[in-house]
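Structure record follows, encoded as structure tokens.
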Amino acid sequence: MRITRVYTRQGDQGMTRLGSSQEVSKSCQRVEAYGCVDELNSAVGFVRALLNEKPESLAPLDLQTVMADLDMLQNRLLTLGGDLATRLSDRWDGMPLLNAAHTRELEVRLDQYNSELPPLEEFILPTGTAVVSALHLARTICRRTEREVIRLQENEDIGPAVIPFLNRLSDFLFVLARWISRKSGCIETAWRR
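Each residue of the sequence shown is one higher than the last, beginning at 934 in this note's numbering.
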């Protein structure tokens, strides 16, 4: 793919094109769904930028592991955006798509981080260091993205791996926030009823 121009003026009337080149309104549910994926990807990128500036007292190997996981997530989210931007009937051979192996990969990483954490005794507030708070924000964006994708699925077909991946991703972001919080020596704030 080669992009030579950033603007085309084709969207000035509120329309855009799907992966199949079909023109649709920018307000259609499919565009809303993959737009949320784009927002989520930007939130994950923001976490990476924060970690680059301030590594949260993580050991070099821990930081390297987290950065590799976030890089993997951003690439998976670009794949997911393309997956959602293209109707099932318009897909082509060799098109990058999410699959069940991507969700399993996420589960393995989630379980590795979670194995180092104590069980939760109570709900925790989504706060902490800047990185931890940004991860909680990314998690809530992920949950909204999942809801928008489910709304899309109510009327149109989507790939079978999309919703399980998003569901697991929000869990992953929650666990990663807790893990970084613990590694940074930050005490989690329990919900006071």
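By construction, the Cβ of each residue, glycine as well, lies at the ideal position given by its N, Cα and C atoms.
- Assignment of alpha helix (DSSP H) within the segment 1070–1120, counting only whole runs of 4 or more residues, yields 1095–1116 in chain order.
- For the options A992, A1018, S1114 and V980, the alpha carbon positioned closest to that of E965 is the one of A1018.
- Membership of Q997 in the alpha helix (DSSP H) is indicated by the continuous run P993 to L1017.
- Shown here, E1038 sits in a helix according to DSSP, grouped into three states.
- Under the 10 Å beta carbon count, I1120 is surrounded by fewer than 16 other beta carbons and is classified as exposed.
- As the crow flies, the alpha-carbon of S1117 is around 44 Å from that of N1088.
- Straight through space, the alpha carbons of W1025 and G1061 are spaced by roughly 44 Å.
- Contact between the segment 969–980 and the segment 998–1012 is established, with three or more Cβ pairs separated by less than 8 Å.
- Between L1058 and T1122, the beta carbon gap of about 4 Å places them in contact (Cβ cut-off 8 Å).
- Contact between D1002 and R1042 is confirmed by a C-beta separation of about 6 Å, below the 8 Å threshold.
- The secondary-structure analysis by DSSP pairs A1123 across a beta bridge with I1057.
- Rounded to the nearest whole angstrom, the CA to CA distance from S1048 to D1016 is 32 Å.
- Beyond the five residues adjoining it in sequence on each side, Y967 comes within less than 7 Å, by CB distance, of G1014, L1017 and A1018 in the same chain, given in chain order.
- In the assembly as shown, Y1046 is a buried residue. Its beta-carbon has 16 or more other beta-carbons within 10 Å.
- In chain order, I1096, L1099, N1100 and S1103 place their CB closer than 8 Å to the CB of E1079, counting only its own chain and leaving out the 5 sequence neighbours on each side.
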